[in-house]
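Once you know that position 78 of the sequence shown is 180 in the working numbering, the rest is easy, because the numbers rise by one and skip nothing.
Ideal placement from N, C-alpha and C gives every residue a C-beta, glycine not left out.
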Amino acid sequence: MPVWGVIWLVVGVICIISSITRSTIVDVIALCSGVMLNAGWGMSFVFASLEGVSHRSWVSSVGYFSVVILVVWAVWRGKRGDIPKEDRE
């Protein structure tokens with residue numbers, strides 16, 4: 103199995119473990135590793151397109167960046183409810 107396959111499997115296992123455990127540290131590591139893996143692959147397709155290696159690889163990067171944007175938006179949207187509101191008098 104290629105190295106990237108092993109990396110994707112390890113990140114997937116970390117994400118599965120984070121869904122079972124109650125540890126915030128494991129959750130953060132799993133979320134960040136999954137998002138950064140997708141962002142890295144998206145950037146590699148953009149650079150391949152810009153360098154002329156594959157002229158249509160930017161199309162693949164749209165899918166990877168969509169995952170990144172949706173996860174970042176979901177975390178940002180969900181965390182706004184955790185901020186305590188102060189009573190202003």
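Straight-line CA distance for residue i to residue j?
| i | j | result |
| --- | --- | --- |
| S156 | F147 | 8 Å |
| A132 | R158 | 30 Å |
| T126 | G107 | 26 Å |
Whose C-beta lies closer than 7 Å to the C-beta of residue i among residues of the same chain, with five residues either side of it excluded?
| i | result |
| --- | --- |
| G114 | none |
Is the beta carbon of residue i less than 8 Å from the beta carbon of residue j?
| i | j | result |
| --- | --- | --- |
| G144 | C117 | no |
| V170 | A141 | yes |
| V128 | S120 | yes |
| W110 | L139 | yes |
In its own chain, which residues sit with a C-beta less than 8 Å from the C-beta of residue i, not counting the 5 before and 5 after it?
| i | result |
| --- | --- |
| V216 | Residue numbering for the chain in the displayed model covers 103 to 191; residue 216 lies beyond these limits and cannot be assessed. |
| W167 | The amino acid occupying residue 167 in the given sequence is Phe; Trp does not appear at that position. Answer for F167: N140, A141 and G144, listed in chain order. |
Within its chain, find whatever has a CB closer than 6 Å to the CB of residue i; leave out the 5 residues flanking it on each side and keep chain order.
| i | result |
| --- | --- |
| S162 | F147 |
| V177 | none |
| G165 | none |
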